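Report on the following structure.
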Amino acid sequence: MGNKKEVFDSDIIKVRLTKEEYAGISEEQVKQIYLEETGKKLDAKVKVYKSSNYINTDSGFAGSIIHVYNPKKGINEAYTITRGTEDAKDWEYNVFGLYGGITQSQYEDAKVFHNEVIKDIKKNNTTNQKFQIDEYGMGHSLGGNLIQTLNITGTEFKEVTAINDAPPSLYQLANIDKSFNFYLRKKLNLSLNSKNEIINADPQKLKKLAEEYYAKKGSNIHHITAKDDMLFWASKIRGFIDLGTRGKKIETNPKFSGLDGTLGSVTNLNDKELATLQKYMSEYNVEYQTGGLKGFLYAATGIDSLKKAWKNYQKHLKDMISPVDIRASATKKKLTIDFGIGKLPFNVLDIDLSVQLKNPVRSLTKLYTGSLIMADQVIKTVVKTATLVGILSKILKPLLDTPNDRISTRIDAISSKFDAFNKKIEHLQKIKDQLAKSGLAGTPNLSLMSDLTSEMTKIVLEFSELMADIGVTLDEVIDIIKEVLSGVSAHGLEELLNGLSGSKKSYKGSDLILTGDIGKTKVRVNISSALRIYKKGLELYDEKSALLTRMQARYEEEYPDYYNHHVKGLLKEILLMETNPGAYRSLVPYSDIRVTAISVEEKIDPMNRNIANTFTTIFEELATEIEIGRKFIAKIRSSIEKIFQKDEIISQMFKHI
Numbered sequence: 012m013g014n015k016k017e018v019f020d021s022d023i024i025k026v027r028l029t030k031e032e033y034a035g036i037s038e039e040q041v042k043q044i045y046l047e048e049t050g051k052k053l054d055a056k057v058k059v060y061k062s063s064n065y066i067n068t069d070s071g072f073a074g075s076i077i078h079v080y081n082p083k084k085g086i087n088e089a090y091t092i093t094r095g096t097e098d099a100k101d102w103e104y105n106v107f108g109l110y111g112g113i114t115q116s117q118y119e120d121a122k123v124f125h126n127e128v129i130k131d132i133k134k135n136n137t138t139n140q141k142f143q144i145d146e147y148g149m150g151h152s153l154g155g156n157l158i159q160t161l162n163i164t165g166t167e168f169k170e171v172t173a174i175n176d177a178p179p180s181l182y183q184l185a186n187i188d189k190s191f192n193f194y195l196r197k198k199l200n201l202s203l204n205s206k207n208e209i210i211n212a213d214p215q216k217l218k219k220l221a222e223e224y225y226a227k228k229g230s231n232i233h234h235i236t237a238k239d240d241m242l243f244w245a246s247k248i249r250g251f252i253d254l255g256t257r258g259k260k261i262e263t264n265p266k267f268s269g270l271d272g273t274l275g276s277v278t279n280l281n282d283k284e285l286a287t288l289q290k291y292m293s294e295y296n297v298e299y300q301t302g303g304l305k306g307f308l309y310a311a312t313g314i315d316s317l318k319k320a321w322k323n324y325q326k327h328l329k330d331m332i333s334p335v336d337i338r339a340s341a342t343k344k345k346l347t348i349d350f351g352i353g354k355l356p357f358n359v360l361d362i363d364l365s366v367q368l369k370n371p372v373r374s375l376t377k378l379y380t381g382s383l384i385m386a387d388q389v390i391k392t393v394v395k396t397a398t399l400v401g402i403l404s405k406i407l408k409p410l411l412d413t414p415n416d417r418i419s420t421r422i423d424a425i426s427s428k429f430d431a432f433n434k435k436i437e438h439l440q441k442i443k444d445q446l447a448k449s450g451l452a453g454t455p456n457l458s459l460m461s462d463l464t465s466e467m468t469k470i471v472l473e474f475s476e477l478m479a480d481i482g483v484t485l486d487e488v489i490d491i492i493k494e495v496l497s498g499v500s501a502h503g504l505e506e507l508l509n510g511l512s513g514s515k516k517s518y519k520g521s522d523l524i525l526t527g528d529i530g531k532t533k534v535r536v537n538i539s540s541a542l543r544i545y546k547k548g549l550e551l552y553d554e555k556s557a558l559l560t561r562m563q564a565r566y567e568e569e570y571p572d573y574y575n576h577h578v579k580g581l582l583k584e585i586l587l588m589e590t591n592p593g594a595y596r597s598l599v600p601y602s603d604i605r606v607t608a609i610s611v612e613e614k615i616d617p618m619n620r621n622i623a624n625t626f627t628t629i630f631e632e633l634a635t636e637i638e639i640g641r642k643f644i645a646k647i648r649s650s651i652e653k654i655f656q657k658d659e660i661i662s663q664m665f666k667h668i
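FYI, the numbering for the sequence shown is 12 to 668, going by my numbering.
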């Protein structure tokens, strides 16, 4: 196909197509967008392939492939559009897949979808010509990451357009691309077995090596980026690489001072803490893959293990304490543990173990070992949670510690509570060690055992309340991010389209808005809506005109034609009687009479004029209504063309409807 230009050779067309993909783009929309932006009719067959017809997983991936085909004009192009971040599942993938590098589910689904559709396109080829498909890729946000990653790991796109994209992550690429992984390890002299060695390596050196390795494969990537885009701001974080060409960043909100002033600079982030968080993600990869974000958090903090241990500990207590004693303590306040840890069946805080044990000897041994194990589990869980919260707070604080910050103090308060927990854990550890020592010396100290149970219960209760507080804080962090995103809005495609267009052109939703002049007055016209009205109007009045034609034809069949048909039949019968009188001898009742001639004096009344007049009136009224409607539609067109008389594309748009 030589060096001919691609069909959608326009940044604005590509951004509009990518935007419409979120809502489920149709063949008709593809043609409409092309017409609005070029003033030309898309002279090719268009078919849209949707990922929902090919992918049946819960990874969150979605996308479409637009096939544009006209063999006579040498057009055979496929545009793969990978959809961007839409919901919590996608943001989870952004963190764990791109930053953490531990999952590539959406990438795998995108690759399967692309390969299967291209296979179907080739299979459906009915021509004998060489079927060479020119492929192009487009993606926004997370979709921009996916399309770039597909491009540099084997998919042969002629060009990729990455729109406000999440850049490729070298940590994810190290998991996806085994050749790249080997290249890094060889260059840095790293072991082939350790999964954390790449995370521990100098991030700047890694970035340089990655960009050199993928430079040629990524040279066909073209970036369209808003100046204040959230992901471009975040791309300075360790692990993200920059490939291809990036033109001048688009200004989408001149009044906005920038994200560094709103959230704090990414450069404030501590690389050591970021690396530690990545190790956490890598360590609990399996738990994330099977249980998602909840599975990761439960495993990373030890809460999952604590739940199981606490449940077993409750069972031990219930087995050891008599039902009578349980009833006796029923008036006491029962302790409820939130955050999924479960409920205690009775008040542990005031039990007199020496009195309530069913079988003192056997129960004492169980309680002794169970208490030590439970205490150990509580200590480990609190310590692990404190460590993870400490890492997250150190990462979040530089971003949220601004003059208008609402939650920095909450983060500080949570950190302080964990400092207090450290003292309680030290106290619990001390009791645990004393109890263990008493058990080794002979009979375990019941008083120490009761103290241990009481302290554990208090810690678990406070820990549960603190985890709920952490949950509220995380919700507030998410609210702030949403607020920033809605305030900046640079990440959205509508804002980007408006930044790309000139002063007389803008976009609202799916529609193109043009600004023109009527005298000294500026007017804004929704061209997309006008074209839809014009097209629908033409179709409506064409349909009415066709219906009127059918009605007139049916009238002719049912009335004039029917009447004339019967008149002709009657005249034919009269002629037959007059030319062949003998054939009608049977009509004469006398046998001795010959019929030698028949003369018919016919008098046939014309069709009732009222019928013809009524229908003529109806048809004329309908024809007038159609004519008025057509003139109204034409007036809409001429009025818009008059406003934009210097713009030849406008008249071409209406011409090709």
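Built from N, CA and C at the ideal position, the CB exists for glycine as well.
A quick note: this is a predicted structure, and the numbers were derived from the prediction, not measured.
Residue i and residue j: beta carbons closer than 8 angstroms?
i	j	result
Y65	E127	yes
Y552	I647	no
V26	L508	yes
H125	T160	no
I252	K218	yes
D145	K130	no
K61	L53	no
Q115	Q183	yes
S514	I524	no
Where does residue i fall in DSSP's three states?
i	result
M149	strand
H78	strand
H233	strand
G548	helix
E652	helix
K30	helix
A431	helix
D240	coil
E47	helix
S517	strand
D22	helix
N624	helix
Y225	coil
L542	helix
Y104	Because Y104 carries a pLDDT of 47, less than 50, the predicted location of this residue cannot be relied on, and no value is offered for it.
F168	coil
R565	helix
D54	coil
G258	coil
I524	strand
R535	strand
Y601	coil
A212	coil
For the putative contact between residue i and residue j, defined by C-beta atoms under 8 angstroms, what is the C-beta separation to the nearest angstrom?
i	j	result
E47	I538	6 angstroms
Y225	I158	14 angstroms between Cβ atoms; not a contact.
L181	G250	5 angstroms
L633	L549	At roughly 17 angstroms, the Cβ-Cβ gap does not stay under 8 angstroms, so L633 and L549 are not in contact.
K443	A386	4 angstroms
I44	I24	6 angstroms
V394	L439	With a Cβ gap of about 11 angstroms, V394 and L439 do not count as contacting.
Using only the alpha-carbon positions, how far apart do residue i and residue j sit?
i	j	result
R565	T635	20 angstroms
E9	G520	The structure shown has nothing for residue 9, since the chain only spans 12 to 668.
Y110	Y90	Confidence is the limiting factor: at Y110 the pLDDT is only 49, short of 50, which leaves the residue's position unreliable, though a coordinate-based value still follows. Taking the straight line from one Cα to the other gives about 27 angstroms.
I9	G148	For the chain, the structure presents residues 12 to 668; residue 9 sits outside this window and is missing.
N186	V79	34 angstroms
L587	E568	26 angstroms
V57	E262	33 angstroms
V123	A541	40 angstroms
P82	K51	19 angstroms
V536	D528	10 angstroms
Y324	A397	23 angstroms
I629	I235	59 angstroms
S21	G74	20 angstroms
Y379	I314	23 angstroms
D69	N175	24 angstroms
E612	N619	22 angstroms
Y595	G580	17 angstroms
Looking at chain C, is there any beta carbon in it that lies within less than 8 angstroms of the beta carbon of residue i?
i	result
K391	No chain C is present in this structure, which holds just one protein chain.
- prompt: Which parts of the stretch 173 to 198 are runs of the alpha helix (DSSP H), unbroken and 4 residues or longer, counting only runs that do not cross its ends?
  reply: 181 to 187
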